[in-house]
Structure formats: C-alpha cells, structure tokens
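Just so you know, we're using this note's numbering here: the sequence shown kicks off at 100 and counts up by one. Note that CB positions come from ideal geometry on N, CA and C, so glycine has one too. Below: the structure, in structure tokens.
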Amino acid sequence: MNNFITNIIDNDIKNGLSIKNIKFRFPPEPNGFLHLGHIKSLYINFTLAKKYNAKINLRFEDTNPNNINIKYINQIIKNIKWLGFKYTKITYISNYFNILYKWAKQLIIKKKAYIQKIYNNKIYNIKNIENNLFLFKNMKNGKYKENSYILRAKINNNSPNFYLKDPIMYRIINKKHLFTKDKWCIYPTYDWAHGQSDYIEKISHSLCSIEFQHHKPLYDWYINKIYNKNFNIIKPKQIEFSRLNISNTITSKRQINILKKTKIINNLCDPRLCTITSFKKKGYDAKYIINFIKNIGYSKRNNNINIKKLELYIKKKIINKSPKLLVILNPIKLTIINFPKNSIEWIYINNKNYYPKYKIIPFTKTIYIDKNDFKDIYDKNFFRLSLNNYVRLKYSYIIKIFKIVKINNNIKKIYCKIYNTIKNNKIKSTIQWVSVKYNTKINITLYNYIYFKNNNIINKNSLNSINVYGDISINNINLYNIYQFHRIGFFYFFKKKNNIFYFKKLFFLNP
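Here is the structure:
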C-alpha cells in the first residue's frame, strides 16, 4: 500500500522520525452515528497504523455537552469493532480540559487571547491581562450567563482565512457534561481542543478530510504559541485526503434530525439511511464495505460516490452465494384444470452456478402468481399471462388461460391449462408461482428513497412491511443471511417467529 500519505510518512522516517513515535487517531464527535463517509477515514487511519505497527487512539471529541450522547459513543465503538478495526485505547477530549484551560490562561498572559463581553447587543473587548484572567476564572466558575462572555484568540481579524479571524476558544454552556458532570461551565471549541489533543496524545500524523486544510494554519498557530521546548512531545503533522461524498442517500445530521422530528424515521438504524448501523442491520457484510472503500483509493480529489455503486459492488459478491426463492407479493390464484386434484408433483431444480445447486418444490392444482403478471384481456404488448398468451411457470410448465369467471365484473376464478407441445418461440415470458397448499409465510420490509428524485419532497411511502408467499425450499436450506427473491431483489433474513420468516430488503436497487 503506497500512496501520497505513505510517501510523506516514509520521508519523515528518512529525515529522523523514529518508527516508534508514529501514532494515529480516529476522532469522531459523539453526536451521531458513523456513516459510509466515515469509513474512508477509518480505513485510512487504521490501515496505516497496521502498516507501521503504530498505536492508534479512538478519541471522542466531546467538547459540546449539548450534543454528547452515550448511545452514540457505544454505537461508534460497536461499529468500529464490526468493521474489524482494532484501536490501542479510547480517549476523550474531556480528559484534557484541565490542561486546555491552563494553556488558555497562558495565551491570555502572552496577550494572545482576550475576553469579549456581549452586553445589550454590544461587544466589548477586554484588553487588561488581569481583567481577562479574572473574567475567565469567573466564566469557569459559573458566575455569568450563557452568551455573555467568550474567550477569543488574538490572531488577525483581517486575515483572508476565516479561521484566523480571532476565533472563539471558549464559550459558556451551563449544562452538565456526560463525563465531567458539573465541574465546568465553560467548554473549549472544536478548533481549540482538536489540534491540542493531537499534541497531548503525541499523534505524529493527523489525518483528516480536505475541508480541514483551512483549519491547519490555526492549529499550527495554537501549537506554536503554547509550545514549551521542555515539553518533550512531537508536533502533529496534518495531512489531508479527499472527502467521500455520498449521493442518493442521507448523511446530513441536520436532515436526519428533521426526519426524526417529523417521525419519518424512528432511529439511526433505519435501512433508508447510510449509517454503518443501518448497513449492519440490513445484512451487509463488513468485508465488502471495506473492500469497496479500499478500491476507491487515496487522493486529494473529492470522491463523489452514488450509493448504488456500493450496492452493485456487494451484489456482484453475493449473487452466486444467495439462495433463490420464488416469492409472490400480490397473490392471485390460478386453477390448473388438467392437473390431478389431490396430486403433488415435486419439481427438481438445478440452480447451476447458484446456491444451493439443487432443490425441490411442490407443484399442485392451485397456485399463486403475482397480480402484476396477469391481465384479463388480450394485450399484444403484455407478454405475461393474459388471454391468448402462453407463459412458462418458472422451473415448470407452460400454461395458458382457459377460462375466467367474473361476477359483477370482479374476477372470481381463473382457470388455466398445461401445454406440453408448444414451440419456444410462442412463449414470450416466464413468471413466478408458488403452491397454494404448500408455501412459506414471509414478511418483508420494503423501502425506497426517502426523498423523491431531484427535489426535497419526502416520500412518505418509502418504507412498508407486507406479508407474502414464498416457496417452501427455504425450510430445507440452512438459514442464510441473504436470499435472492426472483425478479424482486435481495433480502436479508433476520428472524423466524410463529412460522413466519422475516426479511429486510438489502438494496434500493431492483434485481
């Protein structure tokens, strides 16, 4: 594995960096679930740690008590383990609140940080060092209301780089922190805490997506101002890589929160989302996701990936390994008039390249087909079962409608006949079927895109659960994770209850 990142690290080693001092970190904010875009960062950090036999921290950026939730922390840990990555230890920025506060006071003393007072919609910058230290201590001790005082770094308000325009270092937030409880009333901003935490943890190479390149001068400014030569630590080197942008799905926390508030989704495990947890819940194999990310590669150019590309990649991997089932979503009953009433014919199926290679299913006098495969009139453009059309039942006989019985224009019975001597050129299509007497009860969860194409209108019917009929071969196959329903798609089996098999749709893609 050689790329522009390993070239930088190898060059650092040539210039004197000890391999023992190489160290990485993955720093998620515990305010949501990880999604496909995060996996690229995970993959890069953890594979580099493995390549250089280096330590890697899983560090939670818990700087804002309003957004921290233990369920996010626990789920992120589970996601990383499920993907097969191993970290050296778990750390939290809140572990460093004391030293960050100490360094902030040093910057005040050096006149590199100052308190800003907000009163009656007016802003006052405090210039005196003693007053700044006094106010900062009172902020810490909870003497003031939120939004009344902030601490800013004194850099350059005229800088073309927004992040150098005297950025906020501390703000008052009167809320209990998940870990530090009531100890603090002020909390460091992400930009103040992030780079310094890399510094504290002796991270040699801080890997991040390309949008953080404009933050880099700020991180360097902070470290240069607080750096103590007696403090034996390596300055982190920030290296940016391309962001993985995902289309045709939802990763935005703002959008997800809107969907939760409007009750379109109940949680972040919803199969219509792109979270790692939702991938796991609907049966994706972690190794396929990792290999997909691996194939994307490293670069500085942003990757724009349609979620369908991941689905197609996984589909190619599973298509020959997934047992096939005949499944009827919208059943309509046919009676075969020239098939013996109480007979069962066991049809032997050779699946060739598919698993299992062989299976048997029962054919009986009455069968279900899908309503979408039937018309009660002749239509020259409809090649499935209609008046005057021959069709083949999958794995079985050629049939044709013999008679349709209607009462008040409603179809009550459909009679068909088996034909054994029909030329193949008269058969335009093959349709699915299952025996009425011998079938499997299946419940499937179907889903589609939450938003309609090319607009932001929510598709309120994007998730449905329906009961269907399947062929009985599932009872004779050791329960696998993923099955292919003919002409319907791939489905993940997740439980059996009261003799009903429960499945979730695997992809947005049709088969």
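Within the stretch 394-457, the complete beta strand (DSSP E) segments at least 3 residues long are 402-405, 430-435, 444-449, listed from N- to C-terminus. Contact check for residue 395 against residue 405 fails: the beta carbons are separated by 8 Å or more. Taking residue 542 as reference, the option from 163, 599, 347, 169 with the minimal CA-CA separation is 599.
Note that the C-beta distance between residue 549 and residue 363 is below 8 Å. Judged by DSSP secondary structure, residue 596 falls outside any alpha helix (DSSP H) and instead within the beta strand (DSSP E) spanning 588-596.
In this structure residue 195 does not touch residue 161 by the C-beta definition: roughly 10 Å separates them, more than the 8 Å allowed. Taking 8 Å as the cut-off, the Cβ atoms of residue 313 and residue 260 count as close. In the DSSP annotation of this structure, the continuous segment of the alpha helix (DSSP H) that includes residue 135 starts and ends at 135-150. Less than 8 Å divides the Cβ of residue 537 from the Cβ of residue 461. By the Cβ-count criterion, residue 127 is buried, with 16 or more other Cβ atoms from all chains shown falling within 10 Å of its own Cβ. Excluding residues up to 5 positions away in sequence, 381, 382, 580, 581, 602, 603, 605 lie with their Cβ nearer than 7 Å to the Cβ of residue 591 in the same chain. Per DSSP, residue 339 is one residue of the beta strand (DSSP E) stretching across 336-340. If you check the CB distance, residue 267 and residue 251 come in under 8 Å. Cβ-Cβ separation between residue 448 and residue 494: approximately 5 Å, consistent with a contact (criterion under 8 Å).
Annotation for residue 287: no alpha helix (DSSP H) segment contains it, though the beta strand (DSSP E) segment containing it runs 285-287.
The beta carbons of residue 427 and residue 531 sit closer together than 8 Å. The C-beta distance from residue 497 to residue 518 rounds to 5 Å, short enough to meet the 8 Å contact threshold. The shortest C-alpha to C-alpha distance from residue 500 to any of 432, 456, 567, 544 is the one to 432. Residue range 196-208 is occupied by the alpha helix (DSSP H) that includes residue 203.
Judged by DSSP in its simplified three-state form, residue 483 adopts coil rather than helix or strand.
Taking residue 301 as reference, the option from 377, 140, 417, 158 with the minimal CA-CA separation is 158. Bounds of any beta strand (DSSP E) do not take in residue 167, whose DSSP letter is neither H nor E. Ranked by how close their Cα comes to the Cα of residue 561, the residues 166, 282, 430, 358 have 358 in first place. Per DSSP, residue 377 is one residue of the alpha helix (DSSP H) stretching across 375-380. For residue 465, there is no enclosing alpha helix (DSSP H); the enclosing beta strand (DSSP E) covers residues 465-469. Each residue's CA atom was taken as its position, placing residue 339 and residue 244 some 38 Å apart. When the beta-carbon positions are compared, residue 289 and residue 430 stay at least 8 Å from each other. Straight across, the Cα-Cα distance linking residue 143 with residue 323 is about 27 Å. Taking C-beta atoms as the reference points, residue 372 and residue 572 fail to come closer than 8 Å. Counting other Cβ atoms within 10 Å of its Cβ, residue 478 stays below 16 and is therefore classed as exposed.
Minimum Cα-Cα distance from residue 505 among the listed residues 207, 414, 273, 475 corresponds to 475. Residue pairing of residue 252 in beta bridges, as defined by DSSP: 212. About 18 Å separates the CB atoms of residue 253 and residue 292; that is not less than 8 Å, and the two are not in contact.
At least 8 Å separates the beta-carbon of residue 248 from that of residue 209. As computed with DSSP, residue 569 is found in a beta bridge with 426, 539. Within 10 angstroms of the beta-carbon of residue 202 lie 16 or more other beta-carbons, which makes it buried.
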